[in-house]
Structures are given as C-alpha cells and as structure tokens.
Amino acid sequence: MRKLGIAALYTLLLSTFFVGATYAQLTTLTEGFDTVGSAGPPATGIFAAGWLTVNNSSPLGDNNWAQGIPTGTDGLGANAQSGAANSFIQTNFNAGIVGTGNIVSDWLITPVLLLENGATMSFYTQASPSNPDFGNELQVWESRSGSSTVNVGSTAASPGGDFTVQLLDINPGATIPSGTTGGYPTTWTEYTFTISGLSAPTDGRFGFRFYLPNTELDGTTIGIDTFSFADPTTTIFTRTASGNWTDTTSWTPAAQRSVPARSRWDLRVRLAKTRTSR
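Next comes the structure, spelled out in structure tokens:
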C-alpha cells in the first residue's frame with residue numbers, strides 16, 4: 027500500500043506539472059495540405075487535426091473543400107505553392123448549383139487557436155488561370171467564440187454566427203475578372219495578418235469563405251496552401267548557412283568550484299530552452 031501511495035502521489039505531481047505546462051505553451055499551427063483527407067467518420071487528414079468545412083451554399087452543389095487537383099476539368103491549373111503538386115486544398119463554383127441568383131458560400135475553418143494581440147496568420151491562395159473571365163471572391167473571418175460552436179450564419183448570402191471580425195475580402199462581389207488588377211490572383215500570392223484589438227488572449231478560429239453571389243456569372247476554382255499561425259513570442263529562423271567551419275575554440279575555467287545540484291539542473295533547463303528556439 028505504501029508503494030502504491032507513493033506512485034499515485036508521484037503521478038499526481040507529474041500530472042499537475044504537465045497540465046500547468048500545457049496552459050503555458052504557445053499556440054502555433056502550420057498546414058501544407060499534403061493530406062486533406064475526409065471528415066468521415068472516421069475523420070482523416072486535416073479533419074482529424076480539427077479542421078472543418080461547412081458548405082452553406084444555396085442550393086447545395088456536389089463539391090466542397092478537398093484535396094488539390096493540379097490539372098483537369100475540376101483542377102486548379104497549377105501545382106501547389108510548395109510540396110507535392112497536389113498538396114493544397116481547393117474548392118470551386120460546383121460547391122453550389124450553377125444558375126441565376128444561386129449563391130456559393132463554402133467555408134474552410136481552422137482548428138481552435140489561442141488568439142492574442144501580436145499573433146500572426148498567413149496563407150497563400152490563387153485562382154485558376156485557365157478561365158480568367160470569371161471572378162472569384164475569398165473572405166477571411168475571425169471567430170473569438172472559443173471551441174464550443176462553429177456557426178457561420180443561417181443564410182448563404184450573409185456570413186455571421188461566430189465569425190464577426192473580417193480580416194480580408196479578395197475581390198468583393200467577385201466583380202473583377204481573375205488575374206486583373208483588383209481581381210483574384212492567378213498565381214500563388216501570400217496574405218499576412220497580425221491579430222489586434224483583443225482585451226485578453228482567447229480561443230478562436232479563422233474561417234475562409236469562398237463566396238460567389240451569382241454562380242451563373244461568377245466562379246472558377248481556387249486553392250489555398252501553406253497556412254501558418256504563430257504566437258507573437260515565437261521566433262522562426264529560416265536562414266540557411268553552408269560552408270566549412272575552420273576555426274576552433276577551447277575553454278579553460280578560471281577556477282574550479284563545486285556547483286550545487288539545483289544550479290546544475292537550472293543551467294540545463296536554460297540551455298534546453300535556448301536550444302529549442304533554433
């Protein structure tokens with residue numbers, strides 16, 4: 027019984043430590059859409075990691091956000107921004123039914139993220155270069171409603187629900203042909219945002235809304251790739267160095283002295299923290 031009690035206490039202490047560490051961790055997310063997968067059940071690919079899609083089009087079509095198709099009738103007409111040729115996510119006008127006044131409102135929603143002032147979000151997007159005469163529109167919205175619900179509004183025409191902060195609107199109304207000034211880009215283009223206006227950190231999501239107000243006149247295929255979200259204190263080093271290291275350095279202590287065990291442990295912790303920032 028004594029051994030069991032000690033083990034239980036040890037487990038409790040470890041659990042308390044790691045729960046505290048979890049709350050203190052900084053939220054980051056990168057997604058290259060190598061495997062989009064399916065919502066299931068069971069959920070696979072990005073859906074198993076907490077991504078969601080909501081097709082709120084009226085009337086509903088056959089398509090939704092899915093694995094990228096580089097070529098072909100339903101394809102983007104381009105390879106991914108990075109990685110394998112199909113490692114992006116796409117949707118198109120067939121998320122709704124083509125017809126006068128019919129509306130596409132197809133949402134791609136991130137997992138729950140810790141939103142705080144100074145955090146950054148970025149992604150790449152492009153429309154198909156094959157049919158530049160048709161306009162496309164992508165809106166990016168922010169929800170600060172936590173993880174309890176995913177509400178994109180009750181109608182296809184008007185977004186709403188949890189997503190109340192608009193960060194971006196590419197080609198409002200889809201009125202400008204793709205690939206022209208003010209229209210949807212037909213080459214991979216990066217968009218970057220910095221979160222602001224929060225009184226305190228909060229859980230939330232980002233929503234990408236592919237919107238076509240009139241499928242008779244608007245819409246081709248669009249893709250999204252290389253999504254990234256980073257906490258404001260996260261530093262990402264991208265510089266690459268090459269060559270030969272020809273210098274050598276040796277260290278000679280000025281004096282030998284004993285170091286208490288706790289100091290040695292603290293030093294190792296500091297070194298570990300420093301190394302993780304590489």
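Numbering (our numbering), first residue to last: 27 to 304.
Every residue, glycine too, gets a C-beta built ideally from N, C-alpha and C.
Tell me, to the nearest whole angstrom, how far the beta carbon of residue i is from that of residue j; I am working on the premise that it is less than 8 Å.
i: residue 199; j: residue 239; result: 6 Å
i: residue 83; j: residue 122; result: 4 Å
i: residue 308; j: residue 71; result: Outside the displayed range of the chain (27 to 304) lies residue 308, so it cannot be described from this structure.
i: residue 255; j: residue 54; result: 6 Å
i: residue 247; j: residue 130; result: About 12 Å; that fails the 8 Å criterion.
i: residue 79; j: residue 90; result: 5 Å
i: residue 94; j: residue 249; result: 6 Å
i: residue 148; j: residue 230; result: In fact, because the Cβ distance is near 17 Å, the residues do not count as touching under 8 Å.
i: residue 210; j: residue 162; result: 4 Å
i: residue 245; j: residue 118; result: 7 Å
i: residue 151; j: residue 164; result: 6 Å
Looking at the secondary structure, which residues open and close the beta strand (DSSP E) in which residue i lies?
i: residue 243; result: No beta strand (DSSP E) holds residue 243; DSSP gives it neither H nor E.
i: residue 86; result: That residue, residue 86, is in no beta strand (DSSP E); it is neither H nor E in DSSP.
i: residue 217; result: 215-220
Classify residue i as helix, strand or coil using the three-state DSSP reduction.
i: residue 114; result: coil
i: residue 73; result: helix
i: residue 81; result: strand
i: residue 59; result: coil
i: residue 121; result: helix
i: residue 304; result: Reliability of the predicted coordinates at residue 304 is poor, the pLDDT of 29 falling under 50, and no value is obtained from them.
i: residue 200; result: helix
i: residue 205; result: coil
i: residue 256; result: strand
i: residue 53; result: coil
i: residue 228; result: strand
i: residue 250; result: strand
i: residue 101; result: coil
Looking at the strands, I want to know which residues DSSP matches up with residue i.
i: residue 194; result: 166
i: residue 107; result: None; residue 107 has no bridge partner.
i: residue 233; result: 135, 167
For a minimum of 3 consecutive residues, which ranges assigned as the beta strand (DSSP E) are wholly contained in the stretch 126-188? Restricting attention to beta strand (DSSP E) runs no shorter than 3 residues, the stretch 126-188 encloses them at 130-135, 139-141, 146-153, 164-169, ordered along the chain.
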